[in-house]
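In our numbering, the protein residues as written are -14 to 367.
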C-alpha cells in the first residue's frame, strides 16, 4: 500500500492551511467501475492473503488504536490534523478543515463533508489510500485481468509514499508538536544513498498469486510491521506467524574482555534511527548476571530512545537513539553482594510503545499492549 500518497502529496501542497501538506487530507476518490465500495473487505474478496496481512497491520488500526484515541481526547479541537494521516482520504472525514482562525490550530474552520463515507472511516489507512487514483486501481502489474480498471505504477514502493505520513515535523504551539522524522532519517543514511526503500524491510518479497486464480508473481507482504508490539491485547493465532518474517532491527552481542563484560549494540537492520517515529517509543535492554543454577545475582538496564518534557512547553531533553549501522558498546558493571561466582549473562531486548507512567496517565494499563520482547540471548562467563 503506497501509491496514491505519492501523487496526492503534490496536490495537497497547493492548498496550504499553515504551510504543511499534511494539514490537508488526500483528495476524494470515486469507486472504480466494477466495484461497489472502496472498503478493504471488498478488496479482500479477491486479494485474500494481502487482505489478511493488512488486517494484522498497524495501518488497519490507525484510527481504532487506543493510544491514538487517548491522545485525541486530550485536545479534540486539533484532531483534524491527526486524522489527515490516520484516516487520510477525504472520503473518510466527516468534516474537513478549510482554514484556521488567527493562524491557530486550535481554531479550525471546518466544513461538513457531503461525500463522507462513514463505513470507510474506521479502516484507517485502508487499501484505497494507496491503490486508488482517479477511478483506477494502481498496482505492480498493468496486465491483470481484473473486474476493475488497473494501471501499473512503479512508484508504489517509492519512499515518498511512506514519507507522506511518516515525515511530519512542526511545532504549532508550546504544547502541540508533530515530530515524526523517519523519512529524513532514511534520506540521511547509507540506505537512502543506495535507494533501499522502506518496502525492502517493511514489505518483504513473496511469490504468490496476487489475486485468487491469478498467476504466481512477485509480490510483497502488506504487514508493515516494525516494533513487533501488537496493537491488540490478544494477538490472533493466525497473525503470530507474521512476526517471524521481520528480523529485529537491533543486534546484540555479549563480549567479555579480561573480566570486563560489555554489550555491543548495533542498529544492524533499520534504515532510520532506532527506534523511530513516535517519540514515546523506546528500547529497553536488560542484562542479568546469573550463577550456575540460573539464579539472578544482579541486573542492569540500558534505555535507547528520546526523552521529552511535554508541559508547560514541549522540549526534547535527551536522545540516544542509534543511527543506521551505528554500533555502541555498553559496559556492564554488576555488583555481587552474595560473593557467588557468576557463570552466565542473560540479555533481553524489549520494544516499548509508551512508558508505564504514560500508560497510566492515558488509563491504558492492562488494556493495551505496551511492550514486546523481541530478542533473548545468553552467554557463559569463563
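Glycine is no exception: its CB is placed at the ideal position from the N, C-alpha and C atoms.
- [ ] Return the bridge partner residues of residue 57 from the DSSP annotation.
- [x] Taking the chain shown and counting its residues from 1, the one referred to as residue 57 is at position 72. For residue 57, which the question treats as bridged, DSSP gives no partner whatsoever.
Task: Best match in 129, 264 and 148 for proximity to residue 200 [C-alpha to C-alpha] - done: Walking along the chain shown from the start, residue 200 turns up at place 215. Nearest Cα to residue 200 within the set 129, 264 and 148: 129.
Task: Secondary structure of residue -4, DSSP reduced to three states - done: Sequence index remark: in the chain shown, residue -4 carries index 11 (1-based). Residue placement at residue -4 is flagged as unreliable, the pLDDT there being 40, under the threshold of 50; a coordinate-derived value is accordingly withheld.
Task: Three-way DSSP call (helix, strand, coil) for residue 325 in this model - done: Indexing the chain shown from 1 puts residue 325 at position 340. In the structure shown, the three-state DSSP call for residue 325 is coil.
Open item on the list: When you compare the CB positions of residue 75 and residue 17, do they come within less than 9 angstroms of one another, or not?
Closed with: Counting from one through the chain shown, the residue named residue 75 turns up at place 90. Counting from one through the chain shown, the residue named residue 17 turns up at place 32. Between residue 75 and residue 17, the CB-CB gap reaches or exceeds 9 angstroms.
Open item on the list: Using 8 angstroms as the cut-off, can you tell me whether the stretch 329 to 342 makes contact with the stretch 267 to 281, which would need three or more C-beta pairs spanning the two stretches below that distance?
Closed with: Segments in contact, yes.
TODO: Ignoring anything shorter than 4 residues or poking outside the stretch 132 to 204, list the alpha helix (DSSP H) runs there in chain order.
DONE: Qualifying alpha helix (DSSP H) stretches, in chain order: 144 to 151, 167 to 172, 175 to 178 and 184 to 187.
Task: Unbroken beta strand (DSSP E) run spanning residue 302, endpoints - done: Within the chain shown, the letter at position 317 stands for residue 302. 300 to 304 is the extent of the beta strand (DSSP E) around residue 302.
TODO: Spatial neighbours of residue 230 within its chain, please: CB distance less than 8 angstroms, with the 5 preceding and 5 following residues excluded, ordered by chain position.
DONE: By 1-based counting over the chain shown, the position of residue 230 is 245. Closer than 8 angstroms at Cβ, skipping near neighbours: 189, 206, 208 and 210.
Open item on the list: Can you find the residues in the same chain that come closer than 7 angstroms, C-beta to C-beta, to residue -2, ignoring five residues on each side of it along the sequence?
Closed with: Residue numbering aside, residue -2 sits at position 13 when the chain shown is read from its first letter. Only weak support exists for where residue -2 lies, its pLDDT of 36 falling under 50; the coordinates are left without a value.
- [ ] Could you have a look at residue 293 and say whether DSSP puts it in helix, strand or coil?
- [x] As a first step, residue 293 must be located in the chain shown, where it is residue number 308. In the structure shown, residue 293 sits in a strand (DSSP, three-state: E or B).
Open item on the list: Just list the residues that DSSP pairs residue 319 with in beta bridges.
Closed with: If you number the chain shown from 1, residue 319 lands on position 334. Bridge pairing for residue 319: absent [DSSP].
Open item on the list: Whether or not the stretch 340 to 347 and the stretch 238 to 250 are in contact is what I'm after, with contact meaning three or more pairs of Cβ atoms, one per stretch, closer than 8 angstroms; do they touch?
Closed with: Contact between the stretch 238 to 250 and the stretch 340 to 347 is absent, because fewer than three Cβ pairs lie under 8 angstroms.
TODO: Would you mind working out which of 48, 156, 64 and 133 sits nearest residue 103, comparing C-alpha positions?
DONE: As a position in the chain shown, residue 103 is number 118, starting the count at 1. The residue with the shortest Cα to Cα distance from residue 103 is 48.
TODO: Confirm, please, whether the CB-CB distance from residue 110 to residue 67 is below 9 angstroms.
DONE: Residue numbering aside, residue 67 sits at position 82 when the chain shown is read from its first letter. Residue numbering aside, residue 110 sits at position 125 when the chain shown is read from its first letter. By the CB criterion at 9 angstroms, residue 67 and residue 110 fall outside the cutoff.
- [ ] Return the CA-CA distance between residue 132 and residue 126, expressed in angstroms with no decimal places.
- [x] Walking along the chain shown from the start, residue 132 turns up at place 147. Walking along the chain shown from the start, residue 126 turns up at place 141. Spanning the two alpha carbons is a distance of roughly 14 angstroms.
Task: For residue 55, the nearest candidate out of 365, 357, 348 and 367 (CA to CA) - done: As a working mapping, residue 55 is identified with position 70 in the chain shown. If you compare the alpha carbons of 365, 357, 348 and 367 with that of residue 55, the shortest gap goes to 348.
Open item on the list: Whether or not the stretch 166 to 177 and the stretch 285 to 301 are in contact is what I'm after, with contact meaning three or more pairs of Cβ atoms, one per stretch, closer than 8 angstroms; do they touch?
Closed with: By the Cβ test, the stretch 285 to 301 is not in contact with the stretch 166 to 177, since fewer than three Cβ pairs between them sit closer than 8 angstroms.
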